[in-house]
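Each protein sequence line maps, in turn, to chains H and V. Each step along the first sequence adds one to the number in the numbering used here, with nothing skipped, and position 240 is 855. Each step along the second sequence adds one to the number in the numbering used here, with nothing skipped, and position 11 is 626. Notes follow once the structure below has been shown.
There are 2 protein chains.
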Amino acid sequence: MQNQGFVYLNGKIIPAETAAISPYDVGLLRGYAVFDLLQTIGGVPFQFTEHITRLRASAEMLGLEVPATDDEIAEITVELLRLNGHTEATVRYVLTGGESPDGMHFDPATPTFLIITHELFEVPESSYKVGTKLLMREHRREVPEAKTTNYLTWLRNHHLLDAAGAIDLLYHADGLVSEAATASFYVVRNGRIHAPARGVLKGTIGGLVLELASSEYEVVLGDITVEEALSAEEAFITSSVRGVVPIVTIDDSTIGDGCVGPVTRRLMDICQDAMKRAD
Amino acid sequence: MQNQGFVYLNGKIIPAETAAISPYDVGLLRGYAVFDLLQTIGGVPFQFTEHITRLRASAEMLGLEVPATDDEIAEITVELLRLNGHTEATVRYVLTGGESPDGMHFDPATPTFLIITHELFEVPESSYKVGTKLLMREHRREVPEAKTTNYLTWLRNHHLLDAAGAIDLLYHADGLVSEAATASFYVVRNGRIHAPARGVLKGTIGGLVLELASSEYEVVLGDITVEEALSAEEAFITSSVRGVVPIVTIDDSTIGDGCVGPVTRRLMDICQDAMKRAD
Numbered sequence: 616m617q618n619q620g621f622v623y624l625n626g627k628i629i630p631a632e633t634a635a636i637s638p639y640d641v642g643l644l645r646g647y648a649v650f651d652l653l654q655t656i657g658g659v660p661f662q663f664t665e666h667i668t669r670l671r672a673s674a675e676m677l678g679l680e681v682p683a684t685d686d687e688i689a690e691i692t693v694e695l696l697r698l699n700g701h702t703e704a705t706v707r708y709v710l711t712g713g714e715s716p717d718g719m720h721f722d723p724a725t726p727t728f729l730i731i732t733h734e735l736f737e738v739p740e741s742s743y744k745v746g747t748k749l750l751m752r753e754h755r756r757e758v759p760e761a762k763t764t765n766y767l768t769w770l771r772n773h774h775l776l777d778a779a780g781a782i783d784l785l786y787h788a789d790g791l792v793s794e795a796a797t798a799s800f801y802v803v804r805n806g807r808i809h810a811p812a813r814g815v816l817k818g819t820i821g822g823l824v825l826e827l828a829s830s831e832y833e834v835v836l837g838d839i840t841v842e843e844a845l846s847a848e849e850a851f852i853t854s855s856v857r858g859v860v861p862i863v864t865i866d867d868s869t870i871g872d873g874c875v876g877p878v879t880r881r882l883m884d885i886c887q888d889a890m891k892r893a894d
Numbered sequence: 616m617q618n619q620g621f622v623y624l625n626g627k628i629i630p631a632e633t634a635a636i637s638p639y640d641v642g643l644l645r646g647y648a649v650f651d652l653l654q655t656i657g658g659v660p661f662q663f664t665e666h667i668t669r670l671r672a673s674a675e676m677l678g679l680e681v682p683a684t685d686d687e688i689a690e691i692t693v694e695l696l697r698l699n700g701h702t703e704a705t706v707r708y709v710l711t712g713g714e715s716p717d718g719m720h721f722d723p724a725t726p727t728f729l730i731i732t733h734e735l736f737e738v739p740e741s742s743y744k745v746g747t748k749l750l751m752r753e754h755r756r757e758v759p760e761a762k763t764t765n766y767l768t769w770l771r772n773h774h775l776l777d778a779a780g781a782i783d784l785l786y787h788a789d790g791l792v793s794e795a796a797t798a799s800f801y802v803v804r805n806g807r808i809h810a811p812a813r814g815v816l817k818g819t820i821g822g823l824v825l826e827l828a829s830s831e832y833e834v835v836l837g838d839i840t841v842e843e844a845l846s847a848e849e850a851f852i853t854s855s856v857r858g859v860v861p862i863v864t865i866d867d868s869t870i871g872d873g874c875v876g877p878v879t880r881r882l883m884d885i886c887q888d889a890m891k892r893a894d
């Protein structure tokens with residue numbers, strides 16, 4: 616299994632094989648946990664502050680607090696990356712409510728704080744070149760502004776993604792699209808970039824790309840109906856570990872002319888430039 | 616903490632303090648897990664077969680399989696109860712997808728199967744005598760027919776329950792009530808017992824009590840609107856560890872005349888008789 620290398624757990628960097636989460640952890644027994652995930656560029660955490668800031672915000676929505684300063688977390692991250700020696704890594708920060716003697720009560724003062732690293736996975740080059748596909752599922756995340764560990768709907772449908780050659784699920788509810796299961800979702804209509812404003816997790820790389828693009832494109836924050844998504848000129852997703860990925864099919868609907876559109880292309884360039892500057 | 620006594624983990628009964636859940640467990644990283652919970656009566660698991668059958672059904676909805684036969688689980692449970700020496704216990708069976716090297720893929724053939732016991736907690740006698748309260752929250756569980764470990768909404772609101780003197784949350788969505796966060800929910804209207812038919816977990820003790828009561832009362836399975844719940848003559852919840860508990864207040868609404876009604880009283884007797892017979 617993955618029990619190689621080192622992890623950080625509650626104050627200490629230890630060999631992964633000795634890292635023990637309690638069977639009474641409320642993150643396990645009750646899914647009461649938040650996390651965040653970043654990637655390294657040239658071995659250096661990209662958008663570190665943005666991710667830790669979002670982790671703190673997620674934690675607060677569950678009444679939890681990250682038990683370390685940004686500087687401490689940065690130091691631990693650097694040391695963990697050095698010990699694990701990835702080429703490029705994703706770093707996962709997980710915070711749970713800690714142990715719960717009765718599976719109900721827990722003390723927010725003694726959370727479980729875990730940091731693990733993975734070798735960065737590669738998105739197939741073709742996904743960027745010719746675009747990829749989303750499958751729609753009706754779902755609204757329970758605390759959408761928080762990055763919680765609840766990925767039931769995504770993992771239950773994961774085998775369908777592979778079978779359909781789709782990269783992710785697109786969630787919708789009450790006639791509105793919100794976000795992909797593991798990425799932010801955007802469409803282009805009349806040359807303007809539309810981003811859902813409510814009930815979504817704030818994207819870190821998505822936020823950066825839109826900010827950089829705002830001098831060239833009008834960005835509209837607001838509701839996007841399913842019909843507006845399916846009849847858009849272009850669609851794309853953004854995620855910290857994948858950057859900007861063009862979407863040319865949603866379920867059986869072709870988006871625009873089925874090719875990667877000019878706005879998405881430009882945003883992919885902007886994203887790559889931003890990541891190169893970090894390198 | 617709770618790390619006393621023994622737990623069962625993946626084939627072995629071991630001291631709780633040595634029980635280590637992997638930091639890569641998909642139950643922790645992605646909340647991908649189901650569970651079930653029973654109580655003992657006279658030290659003997661009550662409705663054992665019903666609970667394990669429901670655990671298997673929950674597992675199947677997540678593409679998982681309980682890696683032991685009923686007989687094996689019964690044997691482990693008896694041994695665990697003997698070692699832990701509770702007066703009366705709740706037994707918690709937890710099944711996750713197992714380790715996930717990348718926080719995404721896992722092998723259903725190597726799940727994590729955990730059994731832990733707790734001393735049975737007591738519901739205050741007054742809850743049965745004068746009834747208790749529910750707080751309404753808009754929420755629909757993601758896979759409502761499965762008993763998953765996702766209790767985000769419940770735990771986020773737990774402090775409000777205590778402050779309001781309420782025993783549980785009552786979930787509603789699209790104008791319909793469904794279930795309490797940790798119990799089944801029923802109302803009495805025109806002398807008939809109404810149970811929500813869709814989008815709820817099948818109650819084990821609730822099912823037994825309604826079956827035993829069906830010679831005395833008409834039981835109606837169907838949608839219950841929020842208005843119908845609030846204007847009911849009586850309301851009650853059922854759970855494996857609490858039996859039948861009368862509800863006399865929902866948010867600020869008094870149910871019926873605010874006293875424990877005759878139907879609920881009769882069902883409490885039926886429930887107690889069934890539990891006594893098991894003793």
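Cβ coordinates follow ideal geometry from the N, Cα and C atoms, glycine included.
Residue nearest to aspartate 685/V within the set Met676/V, Leu679/V, Leu670/V and Glu675/V is Leu670/V (criterion: CA-CA distance).
Under the three-state reduction of DSSP, arginine 755/V is assigned to coil, being neither helix nor strand. Alanine 683/V has a beta carbon lying at 7 Å or more from every beta carbon in chain H. The stretch 639–716 of chain V is shown to contain whole alpha helix (DSSP H) runs of 4 or more residues at 641–644, 663–676 and 685–699, in chain order.
Separation of the CB atoms of isoleucine 691/V and alanine 893/V is rounded to 20 Å, and the pair is thereby denied contact status at 8 Å.
Put simply, of Glu831/V, Arg881/V, Glu734/V and Ser830/V the residue whose alpha carbon is nearest the alpha carbon of alanine 850/V is Arg881/V. Rounded to whole angstroms, the separation of the alpha carbons of aspartate 640/V and phenylalanine 650/V is 15 Å. Here the stretch 860–869 of chain V makes no contact with the stretch 659–678 of chain V; the two share fewer than three CB pairs at distances below 8 Å.
Per the Cβ contact rule, the stretch 736–748 of chain V is not in contact with the stretch 804–814 of chain V (fewer than 3 Cβ pairs under 8 Å).
Residues of chain H whose Cβ lies closer than 8 Å to the Cβ of asparagine 765/V are, in chain order, Arg645, Gly646, Glu757, Asn765 and Leu767. Nearest to proline 726/H by alpha-carbon distance, out of Met719/H, Gly713/H, Glu632/H and Pro811/H, is Gly713/H. Taking C-alpha positions only, threonine 797/V is separated from tyrosine 766/V by approximately 9 Å. In the DSSP assignment, valine 803/H forms a beta bridge with Ile808/H and Glu849/H.
For isoleucine 731/H, at least one C-beta of chain V is nearer than 7 Å to its own C-beta. DSSP, read as helix, strand or coil, puts glycine 821/H in helix. Around the C-beta of histidine 666/V, 16 or more other C-beta atoms lie within 10 Å, and the residue is accordingly described as buried.
Against chain V, the beta carbon of arginine 857/H has no neighbour under 7 Å; the closest one sits roughly 13 Å away.
Under the DSSP assignment, isoleucine 885/H falls in the alpha helix (DSSP H) whose first and last residues are 877–893. DSSP places alanine 795/H within a strand segment (E or B) once states are collapsed to three. The beta carbon of glycine 678/V lies closer than 7 Å to those of Pro723 in the same chain, with the five residues before and after it left out.
Per DSSP, the continuous alpha helix (DSSP H) segment holding lysine 744/H begins and ends at 740–745. Contact check between the stretch 809–820 of chain V and the stretch 834–853 of chain V: three or more CB pairs, one atom from each, fall below 8 Å, which counts as touching. The Cβ of glycine 620/V sits no closer than 7 Å to any Cβ of chain H. If you ignore the 5 residues before and after glycine 876/H, its C-beta comes within less than 8 Å of the C-beta of Val803, Glu848, Glu849 and Pro861, all in its own chain and listed in chain order. Taking the Cβ atoms as the reference, threonine 732/V lies roughly 6 Å from leucine 696/V, within the contact range of under 8 Å. Here glutamate 794/V is buried: its Cβ has 16 or more other Cβ atoms, across all protein chains shown, within 10 Å. Residue state for threonine 768/H is assigned as helix, using DSSP reduced to three classes. DSSP places alanine 779/H inside the alpha helix (DSSP H), whose first and last residues are 773–779. Counting along the chain, the unbroken beta strand (DSSP E) around histidine 733/V starts and ends at 727–734.
Between histidine 754/H and tyrosine 786/H, the gap from beta carbon to beta carbon is short of 7 Å. The C-alpha of valine 706/V is placed about 15 Å away from the C-alpha of serine 715/H. Sequence-distant Cβ neighbours of glutamate 703/V in its own chain, meaning closer than 6 Å and more than five residues away, are Thr655 and Leu735. Listed by position along chain V, the residues whose Cβ is nearer than 7 Å to that of arginine 707/H are Gly718.
Going by C-alpha positions, proline 739/H is about 12 Å away from alanine 781/H.
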